[in-house]
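Each remark here refers to the structure printed beneath this line.
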Amino acid sequence: MVSKRKKLSFAEKKNESIEKCQNSNLSKAAFAKGNAIPRTTFNNILAAKFCSSNAQICDQERKRQRLSPYENVDKALLPWIKYARSQNAHISWNVLKEKSLEFANELGE
Numbered sequence: 001m002v003s004k005r006k007k008l009s010f011a012e013k014k015n016e017s018i019e020k021c022q023n024s025n026l027s028k029a030a031f032a033k034g035n036a037i038p039r040t041t042f043n044n045i046l047a048a049k050f051c052s053s054n055a056q057i058c059d060q061e062r063k064r065q066r067l068s069p070y071e072n073v074d075k076a077l078l079p080w081i082k083y084a085r086s087q088n089a090h091i092s093w094n095v096l097k098e099k100s101l102e103f104a105n106e107l108g109e
């Protein structure tokens with residue numbers, strides 16, 4: 001049998017409330033009061049939504065998206081890391097740093 005109710009996670013509830021707010025004609029304060037959400041909490045949710053919409057979303061559970069200023073180096077380094085891990089090679093911080101500097105020099109960054 002199919003259950004009648006679906007248990008929503010906090011992220012789903014948050015996204016649903018943001019969509020409802022954008023589709024309604026109410027102010028943020030009135031919408032928050034009508035949905036029993038503190039006004040400041042709702043404003044924080046909206047602010048985080050607008051900040052994260054500009055960021056690259058990798059993992060929904062992370063609160064802060066840390067983006068690298070060297071995207072090309074990251075894109076070149078990832079296949080190398082996957083290859084090294086497939087060969088069961090140990091990748092230390094120093095090896096990773098040297099390899100990233102090598103890729104940065106090749107790419108001119």
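Take the sequence shown: its position 54, counted from the start at 1, is 54 in UniProt numbering, and no numbers get skipped.
Quick reminder that beta carbons are idealized off the backbone N, C-alpha and C, glycines included.
A direct Cα-to-Cα measurement between Glu-109 and Arg-85 gives close to 25 Å. CA-CA distance, Phe-103 to Phe-42, rounds to 43 Å. In this structure, the alpha-carbon of Ile-91 lies about 8 Å from that of Ile-81.
Looking from the CA of Glu-19, the closest CA among Tyr-83, Leu-96, Leu-67 and Lys-49 belongs to Lys-49. Taking C-beta separations shorter than 8 Å and ignoring five residues to either side along the sequence, the partners of Ala-29 in its chain run Arg-39, following chain order. Of the candidates Tyr-70, Gln-87 and Asn-44, Tyr-70 places its Cα closest to the Cα of Ser-100. If only uninterrupted alpha helix (DSSP H) runs of at least 4 residues are considered, those enclosed by the UniProt domain "HTH CENPB-type" (61 to 109) are 71 to 86 and 93 to 107. Of the candidates Asn-94, Tyr-83, Asn-44 and Lys-97, the residue whose Cα lies closest to the Cα of Lys-14 is Asn-44.
The residues Arg-39 and Phe-42, in chain order, have a CB closer than 6 Å to that of Ala-32 in the same chain once the five nearest residues on each side in sequence are set aside. In terms of Cα proximity to Asn-105, the closest of Asn-23, Val-95 and Asn-72 is Asn-72.
Closest in alpha carbon position to Glu-16, among Asn-35, Arg-66 and Gln-87, is Asn-35.
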